[in-house]
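Undergrad: Once you've had a glance at the structure underneath, I'll fire off some questions.
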Amino acid sequence: DQQVKQNSPSLSVQEGRISILNCDYTNSMFDYFLWYKKYPAEGPTFLISISSIKDKNEDGRFTVFLNKSAKHLSLHIVPSQPGDSAVYFCAASRVDNFNKFYFGSGTKLNVKP
Amino acid sequence: DTEVTQTPKHLVMGMTNKKSLKCEQHMGHRAMYWYKQKAKKPPELMFVYSYEKLSINESVPSRFSPECPNSSLLNLHLHALQPEDSALYLCASSQDRPRLGGPTNEKLFFGSGTQLSVL
């Protein structure tokens with residue numbers, strides 16, 4: 001039973017435009033959400049996170065939005081760059097079991113020059 | 001130092017071999033993890049060590065045996081693996097510091113992984 005879902009396996013965007021990656025979750029106990037970026041044959045790299053007490057967190061070109069009522073989060077990348085081409089995983093955890101992270105299946109982003 | 005270092009980067013082994021994967025971090029993190037990742041799949045949790053004690057074992061077969069000699073080191077001993085065990089094995093660490101009265105902010109820091117092939 002996958003509690004974190006990324007329904008778009010891939011996304012293609014033109015350089016300079018906005019990339020929007022989506023993630024849905026089913027467990028209302030999740031209170032912390034993270035985005036990771038992964039290049040082939042490498043480990044995932046932490047990108048940005050958001051706790052359930054916020055609805056937006058921004059770090060440079062990356063912004064994460066959280067809609068708790070819809071159990072949905074999204075990652076916005078503006079402007080997109082070719083170096084952003086990678087697989088993006090969203091992940092969730094809960095404070096009463098904070099060592100257990102639930103990962104989505106990933107979205108492969110391709111930013112075209 | 002914000003790195004998690006894994007060795008070896010690549011490993012090919014036969015089904016009768018015994019080998020070990022190693023992981024090291026010097027960030028003062030007290031939780032260390034082993035994940036397994038197959039192509040086009042999310043990382044799948046195998047084991048968690050918290051303060052050098054095994055706290056989570058996700059029903060992993062006994063042919064995988066974790067070991068945490070100290071808070072900076074994590075090993076995964078492999079014996080009699082099957083071809084379907086071929087995958088990228090990722091080590092990760094985190095602070096392991098719960099926040100009382102609020103959401104957690106625990107973050108995983110991953111190593112670059114060991115690409116394992118079992119023949």
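These protein sequence lines are chains A and B, in that order.
To convert, note that position 10 of the first sequence is 10 in the numbering used here; the numbers rise steadily by one, no gaps.
To convert, note that position 63 of the second sequence is 63 in the numbering used here; the numbers rise steadily by one, no gaps.
Yeah, the Cβ is synthetic: ideal placement off N, Cα and C, and Gly gets one too.
(1) If we define contact as Cβ-Cβ less than 8 Å, is residue 100 of chain A a contact residue for chain B?
(2) Report buried or exposed for residue 49 of chain B, applying the criterion of at least 16 other Cβ atoms within 10 angstroms of its Cβ.
(3) Taking buried to mean at least 16 other C-beta atoms within 10 Å of its own C-beta, is residue 32 of chain B buried or exposed?
(4) Taking DSSP as the reference, what is the three-state secondary structure of residue 42 of chain A?
(5) Identify which residue in B:13, B:71 and B:79 has its Cα closest to the Cα of residue 60 of chain B.
(6) Counting C-beta neighbours from all protein chains within 10 Å, is the total for residue 106 of chain A 16 or more, i.e. buried, or is it exposed?
(7) Taking 8 Å as the threshold (beta carbon to beta carbon), is residue 109 of chain B in contact with chain A?
(8) List the whole-angstrom C-beta distance separating residue 103 of chain A from residue 4 of chain A, where the pair is believed to meet the contact cut-off of C-beta under 8 Å.
(9) Under three-state DSSP, which class holds residue 78 of chain A?
(10) Over what stretch of residues does the beta strand (DSSP E) that includes residue 67 of chain B continue unbroken?
(11) Could you check which residue in A:95, A:68 and A:99 has the C-alpha nearest to that of residue 23 of chain A?
(12) On the premise that residue 79 of chain A lies in contact with residue 94 of chain A, defined as a C-beta separation below 8 Å, what is that separation, rounded to the nearest angstrom?
(13) For residue 18 of chain B, collect the residues of the same chain with a Cβ closer than 6 Å to its Cβ; drop the 5 residues on either side in sequence, then sort them by chain order.
(14) Beta carbons nearer than 7 Å to chain A: which residues of the segment 58 to 86 of chain B have them?
(15) Could you name the residues of chain A that residue 118 of chain B contacts, counting a contact when the two beta carbons are closer than 7 Å?
(16) Are there 16 or more other CB atoms within 10 angstroms of the CB of residue 119 of chain B, so buried, or fewer, so exposed?
(17) Shortest alpha-carbon distance to residue 127 of chain A belongs to which of B:41, B:107 and B:30?
(18) So residue 43 of chain A contacts chain C; which residues on that side make the cut at Cβ distance below 7 Å?
(19) List the residues that DSSP assigns as beta-bridge partners of residue 101 of chain A.
(20) Judging by CA-CA distance, which residue of B:40, B:54, B:64 and B:73 is the nearest neighbour of residue 85 of chain B?
(21) Starting from residue 86 of chain B, follow the beta strand (DSSP E) in both directions and report where the run begins and ends.
(22) Report all residues from its chain with a CB closer than 7 Å to the CB of residue 43 of chain B; omit the five preceding and five following residues, and keep chain order.
(23) Is it buried or exposed, residue 77 of chain A, if we count other Cβ atoms within 10 angstroms and call 16 or more buried?
TA: On the basis of the coordinates in this document:
(1) yes
(2) buried
(3) buried
(4) Of the three classes helix, strand and coil, the one that applies to residue 42 of chain A here is coil, per DSSP.
(5) B:79
(6) buried
(7) yes
(8) Contact flag correct, Cβ pair sits at about 6 Å.
(9) coil
(10) That run of the beta strand (DSSP E) goes 64 to 70.
(11) A:68
(12) With a Cβ gap of about 34 Å, residue 94 of chain A and residue 79 of chain A do not count as contacting.
(13) 79
(14) none
(15) The premise fails here: residue 118 of chain B is roughly 17 Å from chain A at the closest Cβ pair, so nothing lies under 7 Å.
(16) Label assigned to residue 119 of chain B: exposed.
(17) What the structure shows of chain A is the stretch from 1 to 113, and residue 127 of chain A is not part of that stretch, so it cannot be assessed.
(18) Of the protein chains in this structure, namely A and B, none is chain C.
(19) According to DSSP, which records beta bridges pairwise, residue 101 of chain A is partnered with nothing at all.
(20) B:64
(21) Residue 86 of chain B: not part of any beta strand (DSSP E); DSSP gives it neither H nor E.
(22) 35, 37 and 90
(23) buried
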